[in-house]
Amino acid sequence: MSLRQSLALLALGIGAMVLLAATPAPISTSLLFGWTDFAQSSASKVQPHAGGIAVALASFLVATTCCHYLVLWLAKECNSRRASDAKIRWSVRASFSVILLCTILFALGIAVTGIVHQLGWLATSPDPIFVGKNQLRGDSDLSTYRPNEIATTTQRNWMYHILPYSHYSQPELDETKAWNAEPNASTFRTVTYESICPSMGNPIWSPDGFGLSHNAGNPEVFESRSPIRFEDFDDLGNTIMVGEVDTALVPWGDPSGLRPLTLGIRDEWQQSASGEVGYGSLHANGMMMLMGDGSTRFVTNTTDPVLLESLSRRGKREAP
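Counting from 1 along the sequence shown, just add 172 to a position and that's the residue number in this note's numbering.
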């Protein structure tokens, strides 16, 4: 490596360090190491397919072979026209390295495309770019939120407690007043689009002007009067937190926005009170459920009620 190349690499490294130093610590840490958590959580879910691996290896071998013989032919043509004795030499190792480098660059190109797309969206969106910056900072600071406790004066819906995690500012409530009494009522006369099912569309407003929710919480999780931590669950991935509902809708601020999983899943629409009807949606044959680990599952209408009841409990008495 020449001195000029070494100085260029050194300048590039110094520039990268200066850029990271100028970036807020949570953001720079997320940019550098945020992918590791995703890789660890996804590694256990990857199921290698023998056929796919065989096709990939065969494609790599064919590409390497074609590259090798193509370069050999070009080298032969060039050597035949060269007057000097210096001949162009090409090895199988060089062909392998070229194809491997092209494969890595292709994978990096896909990753960079996602980053460029996100930056382009932020630059052209009607919202100022600092909104995206604040959202990124909020994502990286989620661990700083303290555990929530249910107030003994003014009850709040589970949706209210997760507003800071959904890029909303959590409004202050008058603890001496009910959720639907002024001045608290004005807070809940809005719509949180995270609680709206795209398949349902309307209604999103109640007759008295409150924003409705197409989701209901699991009372086994949200009805506790004391803080609940991840350690209190036997299996987060097999514990239902939230499910879709399509009738007896209540406002997202209504503390009664909970439905026991023991009510089951309805296979046909019918008008009922919220405490008398189970989960359901306009999706064919079932609905989406949010699990404790953040994953979503499509649960069919024919799910065994015993299994459904087991998935609702924080402590599993039996494996689902």
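Don't be surprised by glycine CBs; every beta carbon is placed ideally from N, CA and C.
With a threshold of 16 other beta carbon atoms within 10 Å, W245 falls short and is exposed. In the structure shown, R469 falls within a strand segment according to DSSP collapsed to helix, strand and coil.
DSSP places G458 within a strand segment (E or B) once states are collapsed to three.
By the Cβ neighbour-count rule, V478 is exposed, with fewer than 16 other Cβ atoms within 10 Å of its own. The continuous alpha helix (DSSP H) containing G224 extends over residues 222-253. 8 Å or more divides the Cβ of E366 from the Cβ of R486.
Between D346 and R431, the alpha-carbon positions lie close to 26 Å from each other.
Of the other Cβ atoms in all chains shown, 16 or more fall within 10 Å of the Cβ of T411; this residue is therefore buried. Where E481 is concerned, the enclosing alpha helix (DSSP H) starts and stops at 477-483. In the DSSP assignment, E416 is bridged to N387. In the DSSP assignment, S341 falls outside any alpha helix (DSSP H), carrying neither H nor E. Residue pairing by DSSP places L430 opposite G389 in a beta bridge. In the three-state reduction of the DSSP assignment, P370 falls in the coil class.
Of A188, L435, P399, L277, the smallest CA-CA separation from G415 is found for L435. In this model, W262 and A230 are separated by some 22 Å (Cα to Cα). Between V471 and M461, the gap from beta carbon to beta carbon is short of 8 Å.
Residue pairing by DSSP places W377 opposite G383 in a beta bridge.
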